[in-house]
Every structure is written in C-alpha cells, then in structure tokens.
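Participant:
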Amino acid sequence: MEDSVRQEIQGIIDSNDVVLFMKGTKHFPQCGFSATVVEVLRRSGSEFQDVNVLENPEIRQGIKEFANWPTIPQLYVHGKFVGGCDIVREMYEKGELDAVLSAKES
Amino acid sequence: MVEAEELEQRIRKGLTNVSHLVLTDLTGTKDHWEALVVSEAFDGKNRIEQHQMVYSALGELMAGPVHALALKTYSPESWAKQEG
Numbered sequence: 050m051e052d053s054v055r056q057e058i059q060g061i062i063d064s065n066d067v068v069l070f071m072k073g074t075k076h077f078p079q080c081g082f083s084a085t086v087v088e089v090l091r092r093s094g095s096e097f098q099d100v101n102v103l104e105n106p107e108i109r110q111g112i113k114e115f116a117n118w119p120t121i122p123q124l125y126v127h128g129k130f131v132g133g134c135d136i137v138r139e140m141y142e143k144g145e146l147d148a149v150l151s152a153k154e155s
Numbered sequence: 007m008v009e010a011e012e013l014e015q016r017i018r019k020g021l022t023n024v025s026h027l028v029l030t031d032l033t034g035t036k037d038h039w040e041a042l043v044v045s046e047a048f049d050g051k052n053r054i055e056q057h058q059m060v061y062s063a064l065g066e067l068m069a070g071p072v073h074a075l076a077l078k079t080y081s082p083e084s085w086a087k088q089e090g
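If you read the sequences in order, they're chains A and B. Numbered according to the working numbering, the first sequence spans residues 50 to 155. Numbered according to the working numbering, the second sequence spans residues 7 to 90.
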C-alpha cells in the first residue's frame, strides 16, 4: 500500500470517533454485511461516519492491509479496529458494543 | 468458488489441534461460506486475533475465491461453555 493511502486512512480514522468502512453508504448499503453493521450501529444509537469503499478503489484495497483484515465492512472506534460484521454483531448480541462505543478516547 | 475440502485442509494445516470444524455453503455457490472452528490456537486470543488467524490460514483464497466468510471461532474452553 502506498504511504499516501495509509495516511489517508489514518486521517479518516483519527478524525472520526466512530467510522465504518463499508460497501455503499449508511443510507444505501450495497452489501448485506455492511447493512448489518449499519443496522447494529443504528440500534445502538451511535453517530458514525461512513466511508464508501466502492467509490475509492485505493481505500478498498488499502483498508484490508491496514488492519490485516481481508474483508469489508470494518468498524473503527477511537482509532482502534473493532471488527467486521461477525464480531460487531456478536458484541451487540452480548451487550458489549455499547461500552466500546461510549468509551472515551484513551 | 472453492471446495469445502480445500477450506478444511487449509484451516487444519494453519491452526493447531482443530477439534471441531463445520463448513456451511450458505448460498450453494461455494463462494459464501460459514466456518465454525474450535482450535487450541485460539486460547488467550481475542476475537479479532482469532479471525485473523483463520484468514491467514486461508491466505489468497480470501482475495477472490471466497467472496464471503462468516466466522465463528472458539477455544476448546469457550466451546465447552457454549455447548454447556
């Protein structure tokens, strides 16, 4: 991955408390897994920034290397990678997600 | 698409002592899979690390042949509780 792409991704993560890299937008997800995470965040009442990787091929590829995670969606909270669809849903079902979303930056 | 046998082979090769492995073809098209994996390799690892280990075992299969992979990972201990 080029440094400029890494910096762009880092910049997005640094400037948003909760950010979801996804296929489509939060108003129009274009993948079932992305839609699931959007729905979970909505139910949690969390404000979040969406980044549509379908509009940016460099970020789409770069984000996979960034977190050593080969799939999208990817959720970041306070600069930290939280997980993809399965993990976020599991955390929500176990009631663990609210604590992560409401935690102050450490 | 990829055959279940190949996924199983990679996972068993990449992770130590896989005691339980269930692969489900979610769509019948062999490219949307669910994997339930119980392995000693997951002991003491968080969920992100556990999933990364499976992705890593599958390597380049994740970059095309497997379009989607739903993961359920357990250490033997957490699996025992789950079964409880």
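Ideal placement from N, C-alpha and C gives every residue a C-beta, glycine not left out. Nothing here was measured: the structure is a model prediction, and the numbers come from that model.
(1) Could you name the residues of chain B that Asn-117(A) contacts, counting a contact when the two beta carbons are closer than 7 Å?
(2) For Gly-128(A) and Val-67(A), what's the separation of their Cα atoms in angstroms?
(3) By the DSSP assignment, the beta strand (DSSP E) with Leu-27(B) in it spans what residues?
(4) With 9 Å as the limit, tell me which residues of the region 126-144 of chain A have their beta carbon closer than that to any beta carbon of chain B; keep them in chain order.
(5) By how many angstroms is the C-alpha of Lys-72(A) removed from the C-alpha of Gln-79(A)?
(6) Do Glu-83(B) and Asp-49(B) have their CB atoms nearer than 9 Å?
(7) I'd like to check one pair, Glu-40(B) with Leu-67(B): are the Cβ atoms closer than 9 Å?
(8) Is Ala-63(B) close to chain A, meaning its C-beta is less than 9 Å from at least one C-beta of that chain?
(9) So, with DSSP's three-state summary, where would you put Ser-155(A)?
(10) Inspect the CB distances between the region 56-75 of chain B and the region 18-38 of chain B and report whether three or more fall short of 8 Å.
(11) Using only alpha-carbon positions, find the residue among Ile-108(A), Val-149(A), Arg-92(A), Gly-94(A) that is nearest to Gly-60(A).
Facilitator: The relevant details are as follows:
(1) Gln-58
(2) 8 Å
(3) 24-31
(4) Phe-130, Val-131, Gly-132, Gly-133, Cys-134, Asp-135, Ile-136, Glu-139, Met-140
(5) 5 Å
(6) yes
(7) no
(8) no
(9) Reliability of the predicted coordinates at Ser-155(A) is poor, the pLDDT of 49 falling under 50, and the value obtained from them is presented with this limitation in mind. If DSSP states are grouped into helix, strand and coil, Ser-155(A) belongs with coil.
(10) yes
(11) Ile-108(A)
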